[in-house]
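Residue numbers (the numbering used here): 6 to 258.
As structure tokens, this is what we get:
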């Protein structure tokens, strides 16, 4: 009877009793409290302002390169440029190091940075590489991108024309690259856009002892953007191919 009563009591209990040693925390059994969870170490402070200054100086130096304010073959020190821009030498030096990785300047130990001297042959080589890379892509885009999508780029083409009309070579260079990036972005290949933009930037640096770009040449170069959009809308592959190749052979395209 005792065994039968035990079975009945067990059947009345909804769940079997648990083992405290397994499921209850140590402090519930009277032991020492569990150690507190480790607190993550605070993140190191980031110098947001310095990066901002460096970015501004980098843009200013690029504009000075394109505009001819930094002469090919000349050596410029970071302290002297810092005084010119009203900042310390550190962000200038960091910006110049970035330009050195891009090939715009070269480091001169104990002196500063020399602006790279480029030749017409180098410019021609850049134009050839850009054409090999971009012409097939633009021809494919001319066949596949709807006309209304090309209309979205009209303001960018107009921005290049406005900068050219002012004779603002530095702003023209930025607007020119923005237009080409937008065209190539329709291909959906971020690596293509990045590589093409780097080649484009290098093609905008001035040549050794080159005369300043004539205002008329800048305006004509900008007009090719509008002509290219018209050819892309019309899916005129012959005109697209011709315009892109001619555009690249110019010093500002």
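Don't be surprised by glycine CBs; every beta carbon is placed ideally from N, CA and C.
From residue i to residue j, what distance separates their C-alpha atoms?
| i | j | result |
| --- | --- | --- |
| residue 183 | residue 126 | 25 Å |
| residue 206 | residue 86 | 22 Å |
| residue 130 | residue 111 | 20 Å |
| residue 169 | residue 227 | 7 Å |
| residue 137 | residue 202 | 14 Å |
| residue 71 | residue 153 | 33 Å |
| residue 167 | residue 98 | 33 Å |
Return the chain-ordered list of same chain residues with a C-beta closer than 7 Å to the C-beta of residue i, the five sequence neighbours on each side being excluded.
| i | result |
| --- | --- |
| residue 198 | 186, 189 and 190 |
| residue 134 | 204 |
| residue 100 | 59, 62, 63 and 66 |
| residue 253 | 132, 135 and 136 |
| residue 147 | 237, 240, 242 and 245 |
Short of 6 Å in beta carbon distance, which residues of its chain neighbour residue i, apart from the five on each side in sequence? Order them along the chain.
| i | result |
| --- | --- |
| residue 181 | 165 |
| residue 155 | 234, 237 and 238 |
| residue 250 | 136 |
Throw me the rounded Cβ distance for the residue i and residue j pair, which I believe falls under 8 Å.
| i | j | result |
| --- | --- | --- |
| residue 230 | residue 172 | With 8 Å as the limit, residue 230 and residue 172 do not qualify as a contact, their Cβ atoms being about 17 Å apart. |
| residue 80 | residue 118 | 7 Å |
| residue 120 | residue 77 | 5 Å |
| residue 223 | residue 123 | Between residue 123 and residue 223 the Cβ distance is about 19 Å, and since that is not below 8 Å, they are no contact. |
Just to confirm the assignment, what range does the alpha helix (DSSP H) spanning residue i have?
| i | result |
| --- | --- |
| residue 140 | 125 to 149 |
| residue 251 | 242 to 254 |
Any chance the CB of residue i is under 7 Å from a heavy atom of the ligand SAH?
| i | result |
| --- | --- |
| residue 206 | Of ligands this structure carries none, so the ligand SAH is not represented either. |
If you follow the beta strand (DSSP E) that residue i is in, where does it begin and where does it stop?
| i | result |
| --- | --- |
| residue 119 | 117 to 120 |
Got a sec? Which residues, its chain only, sit under 8 Å from residue i by beta carbon, not counting five neighbours each side?
| i | result |
| --- | --- |
| residue 200 | 138 |
Segment contact flag, the segment 239 to 248 with the segment 92 to 112, C-beta cutoff 8 Å, min 3 pairs:
no
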